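Chemist: Structure provided below as structure tokens; questions to follow.
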Amino acid sequence: MSNPAAVAKLIVQQAVDCGVELVASLPDNWMASVIREFDADERFRHLAVNREESAVGLCSGAFLSGTGSLAVMGASGLMTLIYAITKINYTYEIPLTILATLRGAPGDKAKFHVSNGLYFLPSLDAISLTYKVIDSTEKIPEIKSIYDHSRTVSRPTVAIFTRDVLRGDA
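Once you know that position 92 of the sequence shown is 74 in this note's numbering, the rest is easy, because the numbers rise by one and skip nothing.
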């Protein structure tokens, strides 16, 4: 029973429960329903950005102003952010929560994402970036604990979604 729109609504509700007001996103076909839902929901200021570093800058600035925020992007985008995250968020202890995709994992038919399957999670582990893989809809409420943990430790955290969850199949 595929229902990406219902899953997107669950994810957006978690953002509401976290007190998020600003969402910065980059285009991602797996996250398209989630991005559309944030964009359509008047409780959020949604900013579509063209660079991952822009999402980090906006969300970091939002934190400094007392505004809750999330960044939404694909795994490839997150892989490009290692320097920005370690330089800005780690150095200055600025919380940041990112919603990302788990590309290149078994079941992903896009051969050009194989490298993500090989290096994505090990890269996050290498920089001690806390993450949780959301591989069932029952785990979507864990977004709040991921968001709260970012604020507790003053460091970035990531909720990583599988394709099946985002499709409403898990």
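Note that the Cβ used here is the ideal one computed from N, Cα and C, for glycine as well. Keep in mind it's a predicted model, so treat the numbers as computed, not measured.
Provide the residue span of the alpha helix (DSSP H) that contains Y72, from first to last.
Modeler: Numbered from its first residue, the sequence shown carries residue 72 at position 90. Neither: Y72 is in no alpha helix (DSSP H) and is coded neither H nor E.
Chemist: Are the segment 105 to 119 and the segment 33 to 44 touching by the rule of at least three beta carbon pairs closer than 8 Å?
Modeler: Counting Cβ pairs under 8 Å, fewer than three are found: no touch.
Chemist: Pick out whichever of T49, V5, G89, R137 has its Cα sitting closest to the Cα of A66.
Modeler: The sequence position of residue 66 within the sequence shown is 84, counting from 1. The option with the nearest alpha carbon to A66 is R137.
Chemist: Here's the rule I'm using: 16 or more other beta-carbon atoms within 10 Å means buried, otherwise exposed. How should S47 be labelled?
Modeler: Counting from 1 along the sequence shown, the entry for residue 47 is found at position 65. Classification for S47: exposed.
Chemist: When you compare only the Cα positions, how much space is there between L78 and T68?
Modeler: Here the question's residue 78 lines up with position 96 in the sequence shown. Here the question's residue 68 lines up with position 86 in the sequence shown. Spanning the two alpha carbons is a distance of roughly 12 Å.
Chemist: Count Cβ pairs between the segment -1 to 7 and the segment 82 to 89 that sit closer than 8 Å; are there 3 or more?
Modeler: No, the segment -1 to 7 is not in contact with the segment 82 to 89.
Chemist: Within its chain, find whatever has a CB closer than 6 Å to the CB of I142; leave out the 5 residues flanking it on each side and keep chain order.
Modeler: Residue mapping note: residue 142 aligns to position 160 of the sequence shown, counting from 1. The residues are A82, L84, Y113, V115.
Chemist: Is it true that the CB of V(-2) sits closer than 8 Å to the CB of E19?
Modeler: As a position in the sequence shown, residue 19 is number 37, starting the count at 1. As a position in the sequence shown, residue -2 is number 16, starting the count at 1. No. Outside cutoff.
Chemist: What's the gap between the Cα of E120 and the Cα of A22?
Modeler: Residue mapping note: residue 120 aligns to position 138 of the sequence shown, counting from 1. Residue mapping note: residue 22 aligns to position 40 of the sequence shown, counting from 1. Whole-angstrom Cα-Cα distance: 24 Å.
Chemist: What are the start and end residues of the beta strand (DSSP E) that includes P138?
Modeler: Translated into positions along the sequence shown, residue 138 becomes position 156. Where P138 is concerned, the enclosing beta strand (DSSP E) stretches over 138 to 143.
Chemist: Can you find the residues in the same chain that come closer than 7 Å, C-beta to C-beta, to S132, ignoring five residues on each side of it along the sequence?
Modeler: Indexing the sequence shown from 1 puts residue 132 at position 150. Result list for S132: P77, L78, T79, P138, T139, in chain order.
Chemist: Grab me the residues of I70's own chain with a C-beta within less than 7 Å of its C-beta, minus the 5 sequence neighbours each way, in chain order.
Modeler: Position 88 of the sequence shown, counted from the start, is the residue given in the question as residue 70. Correct list, in chain order: V38, S42, I76.
Chemist: State yes or no: is the C-beta of L106 within less than 8 Å of the C-beta of W12?
Modeler: To locate residue 106, count along the sequence shown from 1; it is residue 124. To locate residue 12, count along the sequence shown from 1; it is residue 30. For L106 and W12, no; Cβs fall outside 8 Å.
Chemist: Is the beta carbon of I70 within less than 7 Å of some heavy atom of the ligand NAD?
Modeler: For the structure depicted, the ligand NAD is absent and the ligand set is empty, with no information on it obtainable.
Chemist: Compare the C-alpha of K126 against each of G50, V31, I17, H28 and name the closest.
Modeler: Locating residue 126 in the sequence shown gives position 144, where the first residue counts as 1. Among G50, V31, I17, H28, the Cα nearest to that of K126 is on G50.
Chemist: Under 8 Å between the Cβ atoms of S7 and M61?
Modeler: Translated into positions along the sequence shown, residue 7 becomes position 25. Translated into positions along the sequence shown, residue 61 becomes position 79. Against a cut-off of 8 Å, the Cβ pair of M61 and S7 comes out as no contact.
Chemist: Tell me the residue span of the beta strand (DSSP E) that contains V54.
Modeler: The residue given as residue 54 occupies position 72 in the sequence shown. Its beta strand (DSSP E) spans residues 50 to 54.
Chemist: Taking the CB atoms as reference points, tell me whether N98 and G86 lie closer together than 8 Å.
Modeler: What you label residue 98 is simply residue 116 of the sequence shown in a count that begins at 1. What you label residue 86 is simply residue 104 of the sequence shown in a count that begins at 1. Yes. Within cutoff.
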